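Student: Got a structure here, written out as structure tokens. Questions coming.
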Amino acid sequence: MVLGLLRIRLRFVAHSRKEKRALVKSVVERLRHRYNAAVSEAGDLDALDLTTIAVACLAHDAAHADSQLQNISRAVEGWRLDAEVVDIETELISV
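Given below as structure tokens:
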């Protein structure tokens, strides 16, 4: 089994925590709905202009986990978000 981890760092303009929460919630819910993966806000919790969203998936082999994470990262980059994708990191861990 392989655990795949994907961290997506987004930069955006938010004037309040409420605006940030709305953007983050929409991205997290969209990912949860479309992909069979665990998704959560995982970093930059105190910053108004940045967030890190973590995605985790479990697969039988590394190729499948990597493929799923690459599909997710391409999808996020292709969405019309009011945010810029600053960084994407992928990690595969054998369990």
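Just so we're aligned, residue 220 is where the sequence shown starts under our numbering, counting upward by one. Backbone N, C-alpha and C define an ideal beta-carbon position, used for all residues, glycine too. Note that this is a predicted model, so its numbers are computed, not measured.
(1) DSSP three-state label for A278, please.
(2) Judging by CA-CA distance, which residue of E310, R253, A302 is the nearest neighbour of E238?
(3) Which first and last residues belong to the beta strand (DSSP E) in which S313 is found?
(4) Nearest CA to the CA of V246: which residue from N290, R236, L229?
(5) Less than 8 Å between the CB atoms is what I'm expecting for T270 and L288, so what's the real figure, rounded?
Tutor: In short, the structure shows the following:
(1) strand
(2) A302
(3) 302 to 313
(4) L229
(5) Not a contact, Cβ separation roughly 18 Å.
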